[in-house]
């Protein structure tokens, strides 16, 4: 794993930055102190490690007086303009997926789409070539302006997958865990095979998808009789969908519901308790409702799910909520 310390040193020196913020996701924070020390020794700058949780490039933090923010572990979101100069250091992780592909070729359909996290998108061309040699057609799509790299998917944006959806029967995802491939599966309705770089395993996530769908319909069923709603607005720069929050509030009020917008930085179950609402709709990261919703004391829905509950969408028209280009303006 290369954290690109050399590039960070070069950027600090070229920008003559004296006070530098260092932001890393939870999985890399064990390396933060060594990284900060290396940066200080090589450049003479002062580094402040930003210790709050970091969920992605949508969650850039600032600090008064910073000359530069070094954000490690995520690709930039191109249509977001950080409030201070920011360097994004994508952490590339290498592994050879070809053996795993070869041993599971019977599971791979004739026409597939290839997707990955930012750490693994550089491997997609080799996968595409290997599949081509095996008689498969493998496509890598381009996303909207929230997506920096061909084939890259976020937990909240799968437009690179959607761009080739009509031409494929299945997706292959390079990366660990089900967070990103679940988004692809929910958003396209197509099967997804996951190639895990750590285990070398190939997993079909169809069962995980069905479990999530059942949970979402259970949450909607609980919200059917709700008359008192909260509309959650997140003030993280890449998640703040203000216009959508206002629209959700107005839709609810037009249906005779009580509805108020509550802005939060960290959307947590306990933060909703003082308001004594019966249901909530989140305009923050779409994954809050999907991944954390089952642990909330009241139904937590996405905007699309709210419209299904209100009878504005047919109940069999489920759609995955995404944060798309232009939805989080400065």
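Numbering (the numbering used here), first residue to last: 375 to 704.
Think of the CB as a built atom: it goes at the ideal place given N, C-alpha and C, for glycine as much as any other residue.
| Query | Result |
| --- | --- |
| Is there a Cβ from chain D that is less than 8 angstroms from the Cβ of residue 601? | Here there is only one protein chain, and chain D is not present. |
| Less than 8 angstroms between the beta carbons of residue 576 and residue 567, yes or no? | yes |
| At the level of alpha carbons, what is the spacing between residue 509 and residue 483? | 10 angstroms |
| Any chance the region 410-426 sits against the region 383-396, with 3 or more Cβ pairs inside 8 angstroms? | yes |
| Would you kindly check if the distance between the Cβ of residue 594 and the Cβ of residue 467 is under 8 angstroms? | no |
| Assuming residue 696 and residue 530 are in contact, meaning their beta carbons sit under 8 angstroms apart, how far apart are those beta carbons, in whole angstroms? | 6 angstroms |
| Would you mind listing the alpha helix (DSSP H) stretches within the region 605-651 that are 4+ residues and don't spill past its ends, in chain order? | 616-628, 643-646 |
| Can you tell which of 630, 455, 634 has the C-alpha that lies nearest to the C-alpha of residue 619? | 634 |
| Do you know offhand how far residue 599's Cα is from residue 625's? | 16 angstroms |
| Quick one, which of 548, 465, 458 has its alpha-carbon nearest residue 441's? | 458 |
| Using the three-state DSSP reduction, which class does residue 514 fall into: helix, strand or coil? | coil |
| Based on Cα-Cα distance, which residue from 403, 404, 416, 399 lies nearest to residue 369? | As displayed, the chain neither begins before 375 nor continues past 704, which places residue 369 out of reach and without an answer. |
| Roughly how many angstroms lie between the CA atoms of residue 551 and residue 570, to the nearest whole one? | 7 angstroms |
| So who's on the other strand from residue 685, going by DSSP bridges? | Answer is none; residue 685 lacks a bridge partner. |
| Taking residue 492 as the reference, give the member of 521, 473, 670, 485 with the closest Cα. | 521 |
| Do residue 535 and residue 563 have their beta-carbon atoms positioned less than 8 angstroms apart in this structure? | no |
| Using 8 angstroms as the threshold, is the C-beta distance between residue 663 and residue 646 below it? | no |
| May I have the straight-line CA-CA distance separating residue 596 from residue 673, to the nearest angstrom? | 6 angstroms |
| Check this for me: beta carbons of residue 537 and residue 561, under 8 angstroms apart or not? | no |
| From residue 453 to residue 656, what distance separates their C-alpha atoms? | 22 angstroms |
| Given a cut-off of 8 angstroms on the beta-carbon distance, is the pair residue 490 and residue 401 in contact? | no |
| Decide if residue 610 is buried, meaning its Cβ has at least 16 other Cβ atoms within 10 Å, or exposed. | buried |
| Just list the alpha helix (DSSP H) runs in the region 490-557, keeping only unbroken ones of 4 residues or longer that don't cross its boundaries, in chain order. | 498-507, 533-536 |
| Residue 422 to residue 445, Cα distance in whole Å? | 12 angstroms |
| Out of 383, 579, 686, point me to the one whose CA is closest to residue 629's CA. | 686 |
| For residue 471, collect the residues of the same chain with a Cβ closer than 7 angstroms to its Cβ; drop the 5 residues on either side in sequence, then sort them by chain order. | 497, 501, 548, 569 |
| As a quick exercise: from 419, 499, 660, pick the residue whose alpha carbon is nearest that of residue 556. | 660 |
| If the criterion is Cβ atoms closer than 8 angstroms, does the pair residue 469 and residue 449 meet it? | no |
| Output the boundary residues of the alpha helix (DSSP H) element that contains residue 656. | Residue 656 -> not in any alpha helix (DSSP H); beta strand (DSSP E) instead, spanning 653-656. |
| Below 8 angstroms on the Cβ atoms is my contact criterion, and I expect residue 542 with residue 513 to pass it. Report the Cβ-Cβ distance as a whole number of Å. | 6 angstroms |
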